[in-house]
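The numbering of the first sequence is my numbering, which starts it at 4 and goes up by one. Yeah, the Cβ is synthetic: ideal placement off N, Cα and C, and Gly gets one too. Values in this document were obtained by computation on a predicted structure and should not be read as measured data.
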Amino acid sequence: MSKFTDGVINIVKLVPKGKVVSYGQVAVMVGSPRSALQVGWALHIKGEEGITPWWRVVNKDGYISTKCEEHTKNIQKEHLLKEGVEVGKNLKIDMKKFRWFPKYSTLKNLELDEKYIYLLSEKYKI
DNA sequence: GCTATGACAAGGA
DNA sequence: CTCCTTGCCATAG
């Protein structure tokens, strides 16, 4: 029940259908820009099947990068395709097209510090 | 408190 | 494209 883990889950739940975010992006949104790794961990541990859309999270290059046996790349791909996200042959997603950037009000609701909001817009260029 | 681990990021060769 | 290094940090044991 750490703030970090819960934050990750909450944010991932905000990702709209048909859009994806990167681990790093979620990390910034939860207030720990250097904890991209833990984002994956949080989803693995706390993610609830059918409730937490873990498949909408990919790595910085837009590649699917799961290693989990129960949540395979293929399963993730299927989920994404079903939602209208184009997944290329090499499990590549066009982040330019499908990256989700939250509204300012959404970020505000997360009680996120201004500096992180600024960091987000800098890093992922809205 | 310490070490090891990891569904990553970023930058370089 | 692949392979490597460094940085970071929550959790597990």
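Cα-Cα separation, residue i to residue j
{"i": "GLU86", "j": "VAL33", "result": "25 Å"}
{"i": "PHE3", "j": "ASN77", "result": "An answer regarding residue 3 cannot be provided, because it is not within the stretch 4 to 129 covered by the chain."}
{"i": "SER68", "j": "VAL23", "result": "13 Å"}
{"i": "GLY27", "j": "PHE104", "result": "13 Å"}
{"i": "GLY50", "j": "PRO56", "result": "8 Å"}
Secondary structure of residue i, DSSP reduced to three states
{"i": "ARG59", "result": "helix"}
{"i": "LYS128", "result": "coil"}
{"i": "ILE96", "result": "strand"}
{"i": "LYS90", "result": "The question names Lys, yet the displayed sequence has Val at residue 90. DSSP places VAL90 in strand when its eight states are reduced to three."}
{"i": "GLU73", "result": "coil"}
Residue j beta carbon less than 8 Å from that of residue i
{"i": "GLY65", "j": "ILE96", "result": "yes"}
{"i": "ALA39", "j": "ALA30", "result": "yes"}
{"i": "GLY21", "j": "VAL90", "result": "no"}
{"i": "SER5", "j": "VAL61", "result": "no"}
For residue i: DSSP bridge partner residues
{"i": "ARG102", "result": "VAL23"}
{"i": "TYR66", "result": "LYS95"}
Residue span of the alpha helix (DSSP H) that contains residue i, given as start and end
{"i": "SER108", "result": "107-112"}
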